[in-house]
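Visitor: Encoded as structure tokens, here's the structure I'll be asking about.
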Amino acid sequence: MKKIWMMAAALGLGIWLTGCSPAFVPVEDPSEPQTEERNSPETEKDDQREDLAFQPLSEEERRWIVTELESFDGDHKFSDMDPEKAASCGGEIRDAYDFVGRETENGYGYVLGFRKGKEDPLKDLSIYSIDDVIEAEKWNEDESIFEKVYTFENVYEMYYTEAKDVLFFVPSGMEESEELRKAFTYSLCDGDEGVRYLETVKERGVRMSPPEDGGYLTVRRFEAAEVLEEYIPLTEDQEKEITGSDEIIDPVMYGIDGITYTASQEIYESENPDPDEITVPALRIAEEKCEFQTVGTEDMKEITSAELEVIPISKELEKEKGLESKDSADVEADSEVVGISETLQDPELLKRLEEILSGASFDEAKECPYNGILTLTKADGTQITVRLASDGCDSMVYGSYSFYQAAGDEVAEIWYMFPEVKAELVK
474 MKKIWMMAAA LGLGIWLTGC SPAFVPVEDP SEPQTEERNS PETEKDDQRE DLAFQPLSEE
534 ERRWIVTELE SFDGDHKFSD MDPEKAASCG GEIRDAYDFV GRETENGYGY VLGFRKGKED
594 PLKDLSIYSI DDVIEAEKWN EDESIFEKVY TFENVYEMYY TEAKDVLFFV PSGMEESEEL
654 RKAFTYSLCD GDEGVRYLET VKERGVRMSP PEDGGYLTVR RFEAAEVLEE YIPLTEDQEK
714 EITGSDEIID PVMYGIDGIT YTASQEIYES ENPDPDEITV PALRIAEEKC EFQTVGTEDM
774 KEITSAELEV IPISKELEKE KGLESKDSAD VEADSEVVGI SETLQDPELL KRLEEILSGA
834 SFDEAKECPY NGILTLTKAD GTQITVRLAS DGCDSMVYGS YSFYQAAGDE VAEIWYMFPE
894 VKAELVK
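Here it is, written out as structure tokens:
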């Protein structure tokens, strides 16, 4: 996995990568008047740094990136695509990029576009997918509407780094390898955290998308403030152990849809197991492979200390939850507040905390920003995690994926037990 670090480092030094984006469907019609934050002097300085820092990757480095990405996709065997077919994905900007296309015999394929020089034909353009057609657009002269600049006619899907130095295309008429595309995003767009996550994917033997063949477990768990979905391929012996066990786990322990089982064709035909019936062996595998933590109300006792930390919410999650415009929440979600924490050791408050947490009722999943990470240390030294919503939502997450509902304003009461954190959030 050292190669992944080297891949990201090579790209990071050669070109500025600050995140990945898909070609997306805009919330508003781009033909209607909109406003956009204009470039500041700081942004212009960043642009100058980008121009000075840019160095195109060599053919060897590009091929090496292709090899590393494909190492994550064991379901498909790729070979080189016809160069003209690959370059056609670039459309009107094809001369500004070098293209590497790869495809399989059964219709999967992708194309990587590497920008050749400092001149960036996509600079300051917004890329949209409208009626299944991907277009790059810019503001008109009076900044009232977007005008089309380029159309990518031979492309079904498109992803790109924020600097648009590296483009990822799925050509029209071809299938996307989800595993490979996610490897692209994590390794080239999500910085050190993304690279570290990919390391664990290979070390743990899990996948980021469902395998095409064989049985597997789907495991959903919170990582930071967002839900991470992973897939554990199962051997025939593991499947037989799972289906052969009579020890059924109560869904309260792992949360509704926290763990699901998809049987292989052979097991499905012979035993037709219930995918929502999770047995002890399945839970054990999820714990071993995904560090899945089961926590219930019965665990909320003998708490000796509690630490509450507020972690940032991604911009994507803010938009999804509609948090960027919130201004009247009991406790505002603020992605700019990073690393704030406070420890509670007052015996009376800890006792009250136990009462609230042990009295909560099991609930279904809620769409809340769970970026308040409450780490509880018990008398025996073990630690359990509870996630609190920072927007006034009275829902909580115990362990990895069990949702609980508190009574009345009890979640707000927990926030008030940590006055320093709350004071920072409501500034």
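Just so we're aligned: 822 in this note's numbering is position 349 of the sequence shown, and the numbers increase by one with no gaps anywhere.
Glycine residues also receive a C-beta, built at the ideal position from the N, C-alpha and C atoms.
If you're wondering where the values come from, they're calculated on a predicted model, not measured in any experiment.
1) For residue 812, count neighbouring Cβ atoms within 10 angstroms of its own Cβ and tell me buried if that reaches 16, exposed if not.
2) Does any C-beta atom of chain D lie closer than 8 Å to the C-beta of residue 737?
3) By the DSSP assignment, the beta strand (DSSP E) with residue 706 in it spans what residues?
4) Return the residue from the list 888, 712, 598 and 686 that minimises the CA-CA distance to residue 745.
5) With distances taken from CA atoms, which of 817, 539, 865 and 849 is nearest residue 839?
6) Which of helix, strand or coil does DSSP assign to residue 920?
7) By how many angstroms is the C-alpha of residue 589 removed from the C-alpha of residue 611?
8) Where does residue 896 sit, in a helix, a strand or coil, going by DSSP?
9) Residues in its own chain within less than 6 Å of residue 768 by CB, not counting five upstream and five downstream?
10) Considering residue 727, what are the terminal residues of the beta strand (DSSP E) in which it resides?
11) Which residues bound the beta strand (DSSP E) around residue 880?
12) Across the region 714-722 and the region 577-597, are there enough close Cβ pairs to call them in contact, namely three or more that are closer than 8 Å?
13) Using a 10 Å radius around the Cβ and a threshold of 16 neighbouring Cβ atoms, would you call residue 895 buried or exposed?
14) Let me know if residue 747 comes out buried or exposed under the rule of 16 or more other beta-carbons within 10 Å of its beta-carbon.
15) Enumerate, from N- to C-terminal direction, the unbroken beta strand (DSSP E) stretches of 3 or more residues contained entirely within the region 544-623.
16) Which term fits residue 531, buried or exposed, when burial requires 16 or more other beta carbons within 10 angstroms of its beta carbon?
17) Relative to the C-alpha of residue 732, which candidate in 743, 763 and 720 has its C-alpha closest?
18) Among 782, 761 and 734, which residue has its Cα nearest to the Cα of residue 861?
19) Can you have a look at residue 727 and say buried or exposed, based on whether 16 or more other CB atoms are within 10 angstroms of its CB?
20) Using CA atoms only, rank isn't needed, just tell me which of 837, 605 and 779 is closest to residue 851.
21) What does DSSP give as the partner residues of residue 783 in its beta bridges?
22) Measure the Cβ-Cβ separation of residue 551 and residue 560 and say whether it is below 8 Å.
23) Considering only residues of the same chain and omitting the five flanking positions on each side of residue 536, which have a CB-CB separation below 8 Å?
24) Taking the beta carbon of residue 615 as the centre, do at least 16 other beta carbons fall within 10 Å, making it buried, or is it exposed?
25) So which of 702, 836 and 677 has the shortest CA-CA distance to residue 758?
26) Which class does residue 856 belong to by DSSP, given the choice of helix, strand or coil?
27) For residue 549, which residues in the same chain have their Cβ closer than 7 Å to its Cβ, ignoring the five residues on either side in sequence?
28) Considering just the uninterrupted stretch of the alpha helix (DSSP H) at residue 753, what are its terminal residues?
29) May I ask you to check if the CB of residue 770 is nearer than 7 Å to at least one heavy atom of the ligand PLP?
30) Please report the Cβ distance between residue 653 and residue 546, rounded to the nearest whole angstrom; I am assuming they are in contact, meaning their Cβ atoms lie under 8 Å.
31) Write down the C-beta distance between residue 784 and residue 826 rounded to the nearest angstrom, noting that I regard them as a contact closer than 8 Å.
Guide: If we stick to the structure as given:
1) exposed
2) Structure shown: chain D not included; a single protein chain is present.
3) 699-706
4) 712
5) 865
6) This structure leaves residue 920 out entirely; the chain is present only between 474 and 900.
7) 22 Å
8) helix
9) 857, 871 and 872
10) No beta strand (DSSP E) contains residue 727, which is instead part of the alpha helix (DSSP H) from 724-727.
11) Neither: residue 880 is in no beta strand (DSSP E) and is coded neither H nor E.
12) no
13) buried
14) exposed
15) 570-576, 582-588, 599-603 and 606-612
16) exposed
17) 763
18) 782
19) buried
20) 779
21) 813 and 845
22) no
23) 573
24) exposed
25) 677
26) strand
27) 577, 581 and 650
28) 753-763
29) Annotation note on the ligand PLP: not contained in the displayed structure, which lists no ligands.
30) 5 Å
31) So it is not a contact: roughly 20 Å between Cβ atoms.
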